Each structure stands twice: as C-alpha cells, then as structure tokens.
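A short write-up of the structure that comes next.
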Amino acid sequence: MLDKKVVELLNQQINKEFYSAYLYLDFSNYYYDQGLDGFGSWYKVQAQEERDHAMLFLQYLQNNGEHVVLESIDKPAVKITGPKAVLEEGLKHEQYVTSLIHTIYDAAYAVKDFRTMQFLDWFVKEQGEEENNADTLIKKYELFGDDHKSLYMLDSEMGARVYAAPSLVL
Numbered sequence: 036m037l038d039k040k041v042v043e044l045l046n047q048q049i050n051k052e053f054y055s056a057y058l059y060l061d062f063s064n065y066y067y068d069q070g071l072d073g074f075g076s077w078y079k080v081q082a083q084e085e086r087d088h089a090m091l092f093l094q095y096l097q098n099n100g101e102h103v104v105l106e107s108i109d110k111p112a113v114k115i116t117g118p119k120a121v122l123e124e125g126l127k128h129e130q131y132v133t134s135l136i137h138t139i140y141d142a143a144y145a146v147k148d149f150r151t152m153q154f155l156d157w158f159v160k161e162q163g164e165e166e167n168n169a170d171t172l173i174k175k176y177e178l179f180g181d182d183h184k185s186l187y188m189l190d191s192e193m194g195a196r197v198y199a200a201p202s203l204v205l
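Residue numbers (our numbering): 36 to 205.
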C-alpha cells in the first residue's frame with residue numbers, strides 16, 4: 036500500500052497530465068488556424084504524449100491496488116497572443132509539470148517509498164527532455180520565425196515529428 040499523500044499527489048498528476056494534453060491540443064489548433072500545420076502537428080503529438088503520461092500514472096496506481104480518482108479537466112486558460120508566445124507558454128508549462136513531479140518525488144522520498152521514486156525517475160528524465168525541447172523550439176523560432184521562407188522550412192521540420200509511445204515498464 037502506498038502512502039496516502041503520495042496517492043493523492045499521483046491522482047492529481049493524472050488530472051494535470053490530461054490538462055497538459057488539452058493545453059497542447061489548444062496550441063495545436065492555434066497553429067493549424069494560422070496555417071502552420073507542422074507546428075500544429077508537433078503539438079498534437081505532444082498532446083498524445085501527455086495523455087499517455089496520464090495513463091502511466093493511472094496504471095501505476097492500479098498496479099499498486101490504489102483507487103484512481105478522475106477529476107474534471109479545466110479548459111486551457113492560456114491567452115495566446117502569437118506563435119512565439121505559444122512556445123514560451125509551452126516552456127512555462129513544462130517547468131510547472133517538472134515542479135509537480137518533484138513534489139511527488141519529495142513526498143515519496145519522505146516516506147521511503149522507493150518503488151514510487153523509481154517509477155518517477157523516468158518522469159524526472161522525461162521532464163528534462165521536455166524542457167529542453169521547448170527551449171530549443173523557442174530558440175529556433177527566434178532564429179527563423181521572422182523570415183517567411185525559413186519559417187516555412189521550420190514548420191516542415193516540426194511536421195516531421197512522429198509519435199512514439201513511452202516504453203516505461205510498470
């Protein structure tokens with residue numbers, strides 16, 4: 036049996052991951068509306084990743100005999116003011132998610148829940164990659180976003196991203 040506080044935080048994380056998927060679908064829709072289908076596709080893949088992260092947390096709780104609590108998912112509240120702003124909001128959101136993972140890790144550490152800490156190790160690494168990807172997108176946009184031909188090429192690069200389900204063993 037897992038610690039009550041750890042279970043509560045893991046359940047909250049399921050909701051946060053589904054919210055992340057909604058947020059990234061919102062970003063995707065914005066880019067499709069702007070005619071930047073590559074960016075739209077990139078964020079659609081990102082939404083799939085977030086959904087799968089939620090499912091990993093859900094499965095972890097089930098595998099440990101814990102009750103899963105699904106809450107309502109808020110509508111994304113980010114005000115989109117332009118293509119670069121979306122990328123910046125994406126980085127801020129990934130930093131927020133990293134803080135959430137660290138909070139769960141801290142709670143598991145406090146009660147010597149090594150199984151949960153080991154489970155979270157993958158997410159700690161994943162969040163480092165997510166923040167790096169978001170930062171790289173901002174840098175590329177700053178380099179190429181003002182030139183229409185370069186933006187077209189960057190959009191094409193973004194559209195080449197394909198979804199790969201996480202290979203975390205629970």
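Backbone N, C-alpha and C define an ideal beta-carbon position, used for all residues, glycine too. From a predicted model like this one, the values you see are computed outputs, not experimental measurements.
Proximity of residue i and residue j at Cβ, strictly below 8 Å
i, j, result
"Pro118", "Gly73", "no"
"Asn46", "Val132", "no"
"Ala169", "Leu122", "yes"
"Glu177", "Gln130", "no"
Own chain, CB closer than 8 Å to residue i, minus 5 neighbours either side, in chain order
i, result
"Asn64", "Gly75"
DSSP state of residue i mapped onto helix, strand, coil
i, result
"Met13", "No answer is possible for residue 13: it lies beyond the span of the chain, which begins at 36 and ends at 205."
"Lys147", "coil"
"Ser107", "coil"
Cβ neighbours of residue i in the same chain (closer than 7 Å, five flanking residues each side left out)
i, result
"Asn50", "Glu106, Ile108"
"Glu124", "Val113"
"Lys175", "Leu189"
Cutoff 6 Å; reference residue i; Cβ partners in own chain excluding five residues on either side
i, result
"Met36", "none"
Cβ contact check for the region 190-202 and the region 73-89: 3 or more pairs under 8 Å: With a cut-off of 8 Å, the region 73-89 and the region 190-202 count as touching, because enough Cβ pairs lie within range.
Sequence ranges, alpha helix (DSSP H) only - wholly within the region 60-98, length at least 4: Runs found: 72-98.
Touch test, the region 155-166 against the region 128-140, Cβ-Cβ under 8 Å, three pairs minimum: yes
Beta strand (DSSP E) runs wholly inside the region 165-196, at least 3 long, in chain order: none
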